[in-house]
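Protein sequences, first through last, are from chains D and C. Per this note's numbering, residue 594 is the first one in the first sequence, and the count goes up by one each step. Per this note's numbering, residue 373 is the first one in the second sequence, and the count goes up by one each step. Backbone N, C-alpha and C fix where the C-beta goes; we use that ideal spot for every residue, glycine too. So the structure is just underneath, and the comments pick up after that.
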Amino acid sequence: MARRGRQALFFLLPMLILVVAFYILPLILTAWISFTPLTNWRVRDQLDDFVGLENYVNLYYLARYDPDFHKVLQTTLVFVTFTLFINVVGGLVLAILTYLIDERISLAYRLLWLLPRMTPLAVFGLLWYYFFYGGPQGTLNSFLLKLGVIDEPVRWGTDPAMLPYSAWAIIVFVNGLVGVSYGMIIFYSAFKNIPRELIIAARVDGARTWEVIRHILVPMVRWHIVFVTVWQLLSLITSYTHLFVLVQWSVVDKWYGTTLALYVFNTAFFDVKNQGFAAAAAVILVIIGSILGLVTLRIMRFSQMISPPRGDI
Amino acid sequence: MVEVRLEGVTKRFGRVTAVNNVNLTFGDGEFTALLGPSGSGKSTILYLVAGIYKPSKGRIYFGDRDVTDLMPNERNIGLVFQNYALYPHMTVYDNIAFPLKLRKTPPEVIRDKVLEVAKFLHIHELLDRYPAQLSGGQQQRVALARALVKEPEVLLLDEPLSNLDALLRIKIRSELKRIQKELGVTAIYVTHDQSEALAMADKVVVINRGVIQQEAPPDTIYNEPRNVFVASFIGSPPANIFPATMDYTEEPCINLPGGTRHCVEDEYASVLWRMKPSKVIVGFRPEHAEIVENPVDGRPVIVGEVYTVEPLGRENIVTVASEDIHLKVITPPEVRPEAGELVYVAVEKGKLMLFDPQTEVNLRYIAREWSQGG
Numbered sequence: 594m595a596r597r598g599r600q601a602l603f604f605l606l607p608m609l610i611l612v613v614a615f616y617i618l619p620l621i622l623t624a625w626i627s628f629t630p631l632t633n634w635r636v637r638d639q640l641d642d643f644v645g646l647e648n649y650v651n652l653y654y655l656a657r658y659d660p661d662f663h664k665v666l667q668t669t670l671v672f673v674t675f676t677l678f679i680n681v682v683g684g685l686v687l688a689i690l691t692y693l694i695d696e697r698i699s700l701a702y703r704l705l706w707l708l709p710r711m712t713p714l715a716v717f718g719l720l721w722y723y724f725f726y727g728g729p730q731g732t733l734n735s736f737l738l739k740l741g742v743i744d745e746p747v748r749w750g751t752d753p754a755m756l757p758y759s760a761w762a763i764i765v766f767v768n769g770l771v772g773v774s775y776g777m778i779i780f781y782s783a784f785k786n787i788p789r790e791l792i793i794a795a796r797v798d799g800a801r802t803w804e805v806i807r808h809i810l811v812p813m814v815r816w817h818i819v820f821v822t823v824w825q826l827l828s829l830i831t832s833y834t835h836l837f838v839l840v841q842w843s844v845v846d847k848w849y850g851t852t853l854a855l856y857v858f859n860t861a862f863f864d865v866k867n868q869g870f871a872a873a874a875a876v877i878l879v880i881i882g883s884i885l886g887l888v889t890l891r892i893m894r895f896s897q898m899i900s901p902p903r904g905d906i
Numbered sequence: 373m374v375e376v377r378l379e380g381v382t383k384r385f386g387r388v389t390a391v392n393n394v395n396l397t398f399g400d401g402e403f404t405a406l407l408g409p410s411g412s413g414k415s416t417i418l419y420l421v422a423g424i425y426k427p428s429k430g431r432i433y434f435g436d437r438d439v440t441d442l443m444p445n446e447r448n449i450g451l452v453f454q455n456y457a458l459y460p461h462m463t464v465y466d467n468i469a470f471p472l473k474l475r476k477t478p479p480e481v482i483r484d485k486v487l488e489v490a491k492f493l494h495i496h497e498l499l500d501r502y503p504a505q506l507s508g509g510q511q512q513r514v515a516l517a518r519a520l521v522k523e524p525e526v527l528l529l530d531e532p533l534s535n536l537d538a539l540l541r542i543k544i545r546s547e548l549k550r551i552q553k554e555l556g557v558t559a560i561y562v563t564h565d566q567s568e569a570l571a572m573a574d575k576v577v578v579i580n581r582g583v584i585q586q587e588a589p590p591d592t593i594y595n596e597p598r599n600v601f602v603a604s605f606i607g608s609p610p611a612n613i614f615p616a617t618m619d620y621t622e623e624p625c626i627n628l629p630g631g632t633r634h635c636v637e638d639e640y641a642s643v644l645w646r647m648k649p650s651k652v653i654v655g656f657r658p659e660h661a662e663i664v665e666n667p668v669d670g671r672p673v674i675v676g677e678v679y680t681v682e683p684l685g686r687e688n689i690v691t692v693a694s695e696d697i698h699l700k701v702i703t704p705p706e707v708r709p710e711a712g713e714l715v716y717v718a719v720e721k722g723k724l725m726l727f728d729p730q731t732e733v734n735l736r737y738i739a740r741e742w743s744q745g746g
C-alpha cells in the first residue's frame, strides 16, 4: 500500500506542483493581501501592516449603500445567467444541427462558429466597437439609418433611456458568441461517439428526428452537459477580458457592463489601485464560485453519474 | 405475415456498387440466410429492406405494398444488430417499451406487451436492469424482445450471434429458429458464418461482390454449388478446386494432377461432349475423398505426397501436394499418414464437380438449363 501511495504521488507530482504554484499560493497570497491596506503596490510598507477585516467591512458597506456597486452585482447576475444559458443550450442546439447535416457543410459551419474564439481579443472587441458605435458611422447605426428604421444614430450601449437592458444585451451577446462554440465542440464530439447503430435502431423503432434528439442524443450526453455547465459557470464568474475592452472603449455603460470579476481587476490594477480591497472582493468571488460550482454538481446529480472504476487499478 | 421482394435493386455508394441488380424473394414465414464474406453487400441488402438505405435503382415490395420510398418506421420491421444497440441509458423495460411508446400506445397495453414478450424470451426478471448489467446472451434476448414487441411483419437479423461465445451461439441458434417458426414471421438473417446459415435457414442466399451467387435450400448449396465461389466459400475446409485439361479421344477424360486420368460417365458427360472445353475446373469436398494405398477402379484418383497432417480428434485433415496443387482430405482418426509419404487420393463416385473455366458455373447447372430449354 505504501508503495502504491508513493507511485500515485509520483504520477500526481507534476500536476500538484502546477496547482500549488499557480493556484494555491496565489490564493493564499490574495487572502493575505485582503487583510492589508495595500494600495499602489506599496509592498514594502504595507504588506505586513494588518488592518483586520477593514476591507471586508468596506465591501459590506459598498454592497449595502453604493448604487454603482449594486449595478455591478445586478450585471454579474444577469450576465452569468443569460450567457450560461446561451453557452449551454445554444451550444447544444448548434451541436445537434451540425450533427444532423452533411459532414462537409457541418465542418464549415463549425469553423464559422469557432471564428470568434480564434479571433484575437482586441480585433474581436474592435469589431463590436465599430458595430455598436454611437455615431452615424457605427455599422448598426448606418445600416438602420439607410433602411430608414431610425432617424438619428442611437448610442446602443450607453444611452440612459435604454439602460440597463441594452448594455446587458450587448455584453451577453458578445460573450455568448465566443462561449457558445465551446459547448458546440464538446457536444458535437460526444454525439460523434454515440454508436451509429443506436440512431438506426431508434429510427427503426419509429423515432422521428425530434424523438431521436430527445430520447437518444441528449440523454446520452448528459455527463457532457453537466461538465460544460459547471465549466462555463465558473469561467463566466471569473472572466472579464471581453467586458474590459467593451467598457474601456465605451461600447457599453461603465457600471452596467462591469461584473464583479472586472470590478476586482479594475480596483486592483486600473482605477483606484487599491489591491487590499480588490483582494477582499476576489476572496468573496472565489467563495461564491466554489459554492455555485458545488451546488450545480449537486443539482445535476453528478455523484450518481460517476461509476466506480472497472477492474483492479 | 408477408413476402418480401426485391426487383432489380442496385445500391451505389459513390463509385462503389454494393448491390448490383438483385432480384430476390424472401418467402412468407420463411427463414432466409444472406451468406457472404465481409463487404459482399449482404448487410446492405438487409438495410435496404429495413429502409435505412434507399436503393439507387429498383423497387422493394412487402407483399403487394411498394415500400421503396417508405421510412423504416413505416415498414413494420424488427431489426436486431450484431452489437444489439440497446439504449444504454434506459432499463431493459424501457428499451423494450421504446417502440411502443413512440407509437403512442396506451401505458397499460405497453405493460402487458412488454411483460408478454419478456416472459416468452425468459428475461422478465431482468426488466429493472440496465444493459451494462447484462451478459451478452441476455443483451441479445433484450434486443430480440425489442424487435418482436412491435409484432413486426419482417424480422431482420444482422449477425446477431457473432458477439456471443461459441457454446452460447449454438444454443441460441436453435432457440432463434424455434421462435421464428412459432411466430411465423418472415425472417432475414445476415451472416458470414456458413454453419449458422446452413443450420438455421430454410433458404440460403450466397452473395459475393453485390451479386447473388446462388439461392437454394442448405442441402443444395452444400452438395450442388452453382459456381466456383459457392464451392470454395461453403464447407470447412472448403472444397478443393483446381484446373485440369481434357482429352476427348473416346470419352471425355480429365487429366488429373499427378498424371492419372478420369473418364466422365455421369450426367457431366453429355455437356462435355457438346461444349468440348479444352480445360475445366475440377472440385471435390474434403469429406468426399479418402486416402488409399492402391487405386481402385472407377474412382477418380490423384497421386500426391503428404504435406501436413492436422489431427482434430474426431478426424484428421490431411493436405496432399500433387504437382503445385494442395488438396485437403478428411480422414478417420486412425488414418494418419506420415509427411512425405506417397499416397492416392480417391474421390467418391459422383462427387467430382466440374465447372466451366470461363464462367466458373457448375456444368451440371448448364446441363439442366439446356434440358429445360429443350
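(request) Within the same chain, show all residues whose beta-carbon is closer than 7 Å to that of residue 517 of chain C, passing over the 5 residues directly before and after it, in chain order. (result) 468, 489, 490, 493 and 495
(request) Taking residue 722 of chain C as the reference, give the member of C:552, C:573 and C:657 with the closest Cα. (result) C:657
(message) With H, G and I counted as helix, E and B as strand and the rest as coil, what does DSSP make of residue 718 of chain C?
(response) strand
(request) Mind checking the stretch 807 to 837 of chain D against chain C and listing, in chain order, the residues whose C-beta falls within less than 9 Å of any C-beta there? (result) 808, 809, 812, 813 and 815
(request) Return the CA-CA distance between residue 464 of chain C and residue 692 of chain C, expressed in angstroms with no decimal places. (result) 54 Å
(request) Give a yes or no on whether the C-beta atoms belonging to residue 757 of chain D and residue 668 of chain D are separated by under 9 Å. (result) yes
(request) May I have the straight-line CA-CA distance separating residue 530 of chain C from residue 601 of chain C, to the nearest angstrom? (result) 22 Å
(request) Quick one: which unbroken alpha helix (DSSP H) runs of 4-plus residues sit fully inside the stretch 391 to 464 of chain C? Chain order, please. (result) 414 to 422
(request) With DSSP as the reference, please indicate the residues paired to residue 694 of chain C in a beta bridge. (result) C:697
(message) Tell me which residue opens and which closes the alpha helix (DSSP H) that residue 377 of chain C is part of.
(response) From DSSP, residue 377 of chain C is part of no alpha helix (DSSP H) but of the beta strand (DSSP E) over 376 to 385.
(message) Judging by CA-CA distance, which residue of D:823, D:755, D:803 and D:801 is the nearest neighbour of residue 776 of chain D?
(response) D:823
(message) With a threshold of 9 Å between beta-carbons, can residue 567 of chain D be considered close to chain C, or not?
(response) Residue 567 of chain D lies beyond the residue range present for chain D, which begins at 594 and ends at 906; the question has no answer from this structure.
(message) Between residue 968 of chain D and chain C, is any beta-carbon pair separated by less than 9 Å?
(response) The first residue shown for chain D is 594 and the last is 906, placing residue 968 of chain D beyond what the model contains.
(message) With H, G and I counted as helix, E and B as strand and the rest as coil, what does DSSP make of residue 614 of chain C?
(response) strand
(message) Run through the DSSP bridge pairs and tell me what residue 627 of chain C is partnered with.
(response) C:617 and C:633
(request) Under 8 Å between beta-carbons, which chain C residues line up against residue 796 of chain D? List them in chain order, please. (result) 424, 443, 444 and 445
(message) According to DSSP, is residue 923 of chain D part of a helix, a strand, or is it coil?
(response) With chain D covering 594 to 906 only, the question about residue 923 of chain D has no answer from this structure.
(message) Once DSSP output is grouped into helix, strand and coil, what is the label at residue 606 of chain C?
(response) coil
(message) Just to make sure I have the definition right: I need the residues of chain C whose C-beta is within less than 9 Å of the C-beta of residue 800 of chain D. Which are they?
(response) 445, 470, 471 and 474
(message) Is there a C-beta anywhere in chain C that falls below 9 Å from the one on residue 905 of chain D?
(response) With a pLDDT of 47 at residue 905 of chain D, under the threshold of 50, the modelled position of this residue cannot be trusted, and the question is left open.
(request) Could you name each continuous alpha helix (DSSP H) segment of 4 residues or more that falls completely within the stretch 475 to 521 of chain C, going from the start of the chain to the end? (result) 479 to 492 and 508 to 520
(request) Using only alpha-carbon positions, find the residue among D:854, D:844 and D:805 that is nearest to residue 826 of chain D. (result) D:854
(request) Just tell me which of C:444, C:455 and C:497 has its CA closest to the CA of residue 471 of chain C. (result) C:444
(message) Suppose contacts are defined by Cβ-Cβ distances below 9 Å. Is residue 655 of chain C in contact with residue 613 of chain C by that definition?
(response) yes
(request) Can you tell me which of D:892, D:886, D:866 and D:871 puts its alpha carbon nearest to the alpha carbon of residue 633 of chain D? (result) D:866
(message) Could you tell me the alpha carbon to alpha carbon distance between residue 497 of chain C and residue 702 of chain D, rounded to whole angstroms?
(response) 48 Å
(request) Grab me the residues of residue 905 of chain D's own chain with a C-beta within less than 6 Å of its C-beta, minus the 5 sequence neighbours each way, in chain order. (result) Note that residue 905 of chain D scores a pLDDT of 47, beneath 50, so its modelled location is shaky and nothing firm can be said.
(request) Under 6 Å Cβ to Cβ from residue 893 of chain D, same chain only, skipping five residues before and after it: list those, please. (result) 819
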